[in-house]
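The structure appears below as structure tokens.
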Amino acid sequence: MAHPTSIDRSAAVLLLDGDQPSALAIVRSLGRQGVTVHVASSVEHPLAASSRYADGSVRYPDPLRDGSAFVAWIQARQQQHPHELIFPVTERTVVPLMLQRGQLDERRLAIAPTAALEQVLAKDKTMAVAESLQIPIPKSVHVSTLTEASDAAQVLGYPLVIKPARSVGQDASGHVQLAVSYAQTPAELKERVTHTLQFGQVVLQEYFSGEGVGVEVIANQGEVQYAFQHRRLHEVPLTGGGSSLRVSEAVAPDLLEASRKLLRAIGWHGVAMVEFKHNPDTGAFRLIEINGRFWGSLPLAVAAGADFPFMLYELMTTGRVGPHPPAKVGIFGRLLTRDLLWLEHVMRQTGAGGVTQIPTRADALRDSFKTFSPRHHFDVQSWSDPWPGLVDLGRIGRQYWDRLAGVVQHRWRLSLAWRRSKAATQSLPQTSGAARVLFVCYGNINRSAVAHAHARAHYGGRWQIQSAGFHAQGQRPADPNMVKAAAGHGIDLSEWRSNCLTASDVEQADVILAMELAHMDRLAALHPSASSKCHLLAAPIASSAAEAEIADPYGKTPQAYERACARVIQSVDRWLTGRRGDPLRHPLARRADSSARQGGLRRMALAQSRTSSSHPYFLQVNGRRLFALEIRPEGVAVRGHVLYLPPYAEEMNRCRCHVVATARLMAQSGLRCLLLDHYGTGESDGDSTEADWEFWKADALAAAAQLCQDAPALPLTLWGLRTGALLAADVACTEALQVDRLLLWQAVADGKNFLNQYLRLRIASQMVHGTDRETTASILERLAAGETIEVAGYPLAKRLADGLSGKRLADMGGARARRIDWVEVVAKEGQALPVGSQRAAQAIGAGKDLSVTMAVAPQVWQLAGEHHATDLVNKTAELMGAAS
């Protein structure tokens, strides 16, 4: 076998994904061995390019934005440098190279065979192979009733992990974000499963007590040639995730044997990491996944002497891996950026309770001393190659500065709202008659429902009481959990039916009491004139701004409902009496004095939006009346038009505030934005059963024509979210409309797949309520027969279902747009665009200027309550040339 010192090092390496810390480890490894390394990346100034071992840096088209252009760039590079080896580091580059490897000289590509890669990329296939080889995987059971849960517990044993089948649950009232919980006794199982089953099916999984262990290998035609093992010490989040501190250790024989069997069965060739949960006390383990590429903790392996980058270089240049000394054990590797986040979580003691143990602050202090050990290494910072570490420290500082600025701004705004609202309870002018009080929350089935019922029962003789919510569906019953909580306070919500907030409600109200700052922001966006009369309900009972909001209890524990109910009642009493037992004779101002009341508060609202203005109105198109919110530039020249097309059903309401915030940034830079509600949805005319894809398409064309009629020469952007993105692409295929740009937020690539997923919400609700269960196929048959089906509170008719199911982005390559901006929301940095979305983006972007942007944010179109999507808003604003 060839010894490393005898290997020909004349072949240079083109290192892709140069922005990753693992790429930096590869540069340093190969550079020290005398190999020439050219760093390549889709971003400017990649981290690895700042290394002293990097021999130049080149930039390629972002594979997430245009996979075909990326592969064409690789083809041209291979023609210019025929002997250069290509090392991809992440799935961002591995996947497009795999999909189009037939167009390349694959002898120079450091990726595994396609058949092996496909089994690794699809986790279900990986688990199927493992199960066939009798390699342990986590046991799990899907349950739909408490009886099934009890039976499953007898098989799985305690403690149990209780996982919602979906992270966003569904009941008759809407969607809710759910979390993993644990049960150590039958009583805990009953309590927590009963709660979680309200929102859909539950997965019970055996709780495997163990530590995260990675077995890293290099294999030659399925046979492992070298192995290394590390154990995770810190993970972000604390309940499990990416590692930030790890330690090298001796390779466990049973884990190595399991890895060998797996990789032999798959036919693996190259580097990989096999991830396990391992219990060091019992020796038991469970397979988690296989990473078929270089892994994030690669710097630790290299620091410990497991030089996988050079071994892969050997394998590609000689066809085999020479002998290498075993790695050192007890070497620590720390990724500083992520470990600072771990430290934040520990200091705040945020994590899952129960069987998941949260490290103590003493643990954090003890681990910090490892930094001074000669056996400790940073992934990025290095005395022998200092510049990348300095670059990384600069980025960390900038990130924390941005976060601090955002937190300060939010707290400042909340403090202003709290102080203004608190003062309003004691300094309200006189009124000559019964004033109108409007309570507002999101759904009008929990907090504002309690406020309405309590205020009407105790103060209805003196004031006109009303409540409403932003939720598009009215006449919904109160949340059953809130019905119980309210009953304990003598409030009957058994006959409650919700109301949808209307412009008339806002106009007629003398004072509006909202539960959260987000509600005030949303009201200001839709009805700017209402800003001065809107206050935080909990302000008078809050001792600080941090307590001035009443959190939405929806989907949470019974204790959360009780706390919310009690705070609402106490707040209503303080607003309508000023002090307990001492009612104010003149608690609210009459509308005749409203202009005098608004004064400085209105000026404050206008100061925040002085470069844009909001104009809600109804747009008449094709004989239909559509609600429209136009956000216009003020004080700057109009340089273009933007027409926004919203997603379907509840997704439209969840994301309104983020859409408005983005549109305001666009308007500040000179873009005139028109935000539409489709016919049969939102505030527009028409019933949900009249919603029709072709109507929506025709209405979008007409709205675009009206938007552009004053300045037809200015460029037009069609902006859509989810199904709205699919509609925007469909509209852009029309020859009658000249579209300059498509802005696609989290685009639905296939309408049929979306429809099937949407119909499953109905099935999940049936499971929860114990009614007869349908199948997707049977629901589609009913729709085809002309029946109207209710899904999550929204009636769905045949014509919309037919129109939606026949649309695919892959068929819309004829979209008449010069540029397409695809914006994908991801949970963490470095996450790749899903393969299906990659293909759709490549299809619609063929021959156009296509960009793909990854925004780290929650999926706001699925979540109730206040959720920040700053990265999504700011990156979109940057794409559109707006200041964020």
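The opening position of the sequence shown corresponds to residue -10 in this note's numbering, with each subsequent residue numbered one higher.
C-beta atoms are modelled at their ideal positions from N, C-alpha and C, and glycine is treated no differently.
Because the structure is a prediction, the values reported are computed rather than measured.
Are the CB atoms of residue i and residue j nearer to each other than 7 Å?
i, j, result
"Leu178", "Ala142", "yes"
"Ile454", "His443", "no"
"Pro77", "Leu5", "yes"
"Glu238", "Gln214", "no"
"His223", "Asp328", "yes"
"Val495", "Ala513", "no"
"Pro85", "Phe59", "yes"
"Gln194", "Met756", "no"
"Ser232", "Arg221", "yes"
"Ser677", "Pro542", "no"
"Ser39", "Val380", "yes"
"Ala353", "Ala316", "no"
"Leu482", "Ala474", "no"
"Arg465", "Ser493", "no"
"Leu707", "Ala721", "yes"
"Phe616", "Gly671", "yes"
"Thr874", "Ile279", "For the chain, the structure presents residues -10 to 873; residue 874 sits outside this window and is missing."
Contact check, residue i vs residue j under 8 Å by CB: the rounded distance?
i, j, result
"Thr765", "Asn745", "5 Å"
"His647", "Ala858", "5 Å"
"Leu696", "Val627", "The Cβ separation is near 11 Å, so there is no contact."
"Val225", "Trp331", "5 Å"
"Leu726", "Pro636", "Contact flag wrong, Cβ pair sits at about 21 Å."
"Ala692", "Leu665", "6 Å"
"Met843", "Leu53", "7 Å"
"Asp368", "Pro10", "5 Å"
Comparing C-alpha positions only, which one of the options sits nearest to residue i?
i, options, result
"Ala694", "Val631, Val263, Ser487", "Val631"
"Ala117", "Met509, Ile277, Gly91", "Ile277"
"Asn863", "Gly834, Val845, Glu623", "Val845"
"Lys545", "Ser170, Gly7, Glu73", "Ser170"
"Ala467", "Gly870, Trp485, Val369, Gln698", "Trp485"
"Asn874", "Arg409, Ala446, Gln462", "The chain is shown only over -10 to 873; residue 874 falls outside these bounds and no answer can be derived."
"Ala531", "Leu482, Tyr448, Gly477, Leu403", "Leu403"
"Gln89", "Ser840, Ala821, Gln827", "Gln827"
"Gly281", "His334, Gly211, Phe616", "Gly211"
"Leu122", "Ser248, Val263, Glu776, Arg323", "Ser248"
"Ser(-1)", "Glu73, Ala37, Ala65, Gln64", "Glu73"
"Gln68", "Arg81, Gln92, Thr326", "Gln92"
"Gly479", "Arg323, Thr414, Cys554", "Cys554"
"Gly775", "Ala295, Ala786, Ser767", "Ala786"
For residue i, I'd like the list of residues in its chain whose CB is within less than 7 Å of its CB, leaving aside the five on either flank, ordered along the chain.
i, result
"Ala687", "Asn611"
"Asp(-3)", "Thr306"
"Gly795", "Gly740"
"Gly834", "Asp55, Ile809"
"Leu405", "none"
"Val310", "Ile207, Asn209, Gln214, Tyr215, Met300, Glu303, Leu304"
"Tyr49", "Ala29, Ser31, Phe59, Trp62"
"Trp682", "Leu789, Gly792, Leu793"
"Gly870", "Ser658"
"Arg591", "Confidence is the limiting factor: at Arg591 the pLDDT is only 36, short of 50, which leaves the residue's position unreliable and the question unanswerable from this model."
"Glu80", "Arg282, Ala821"
With a threshold of 6 Å on Cβ separation, who are the neighbours of residue i within its own chain once the five nearest residues in sequence on each side are excluded?
i, result
"Ile75", "Leu3, Arg97, Leu98"
"His365", "Phe321, Lys359"
"Ala832", "Ala799, Gly802"
"Met471", "Asn435, Tyr550"
"Cys430", "Arg436, Ser437, Gly458, Met504"
"Pro(-7)", "Bear in mind that a pLDDT of 49 at Pro(-7), under 50, signals an unreliable position, so the number given afterwards is only what the model happens to contain. If we look at Pro(-7) and ignore the five residues flanking it on each side, its Cβ neighbours are Gly311."
Determine whether the Cβ of residue i lies closer than 7 Å to any Cβ atom of chain C.
i, result
"Met87", "This model lacks chain C altogether; it includes just one protein chain."
Cutting at 8 Å between CB atoms, please list the residues of its own chain near residue i, excluding the five before and the five after it.
i, result
"Val780", "Ala638, Tyr747, Leu748, Leu750, Arg751"
"Leu301", "Phe76, Ala99, Ile207, Gly259, Val260"
"Leu135", "Lys179, Val182, Thr183, Leu186"
"Tyr42", "Val16, Arg17, Leu19, Gly20, Arg21, Val26, Asp374"
"Val83", "Pro77, Ile100, Leu106, Gly281, Arg282"
- Is the segment 191 to 208 touching the segment 269 to 276 in the sense that three or more CB pairs, one from each, lie closer than 8 Å? yes
- Task: Examine the Cβ distances between the segment 124 to 135 and the segment 253 to 260 and report whether three or more of them are shorter than 8 Å.
- Result: no
- Message: Whether or not the segment 806 to 813 and the segment 729 to 736 are in contact is what I'm after, with contact meaning three or more pairs of Cβ atoms, one per stretch, closer than 8 Å; do they touch?
- Response: yes
- Task: Evaluate contact between the segment 673 to 693 and the segment 654 to 662, counting only Cβ atoms and requiring at least three cross-stretch pairs below 8 Å.
- Result: no
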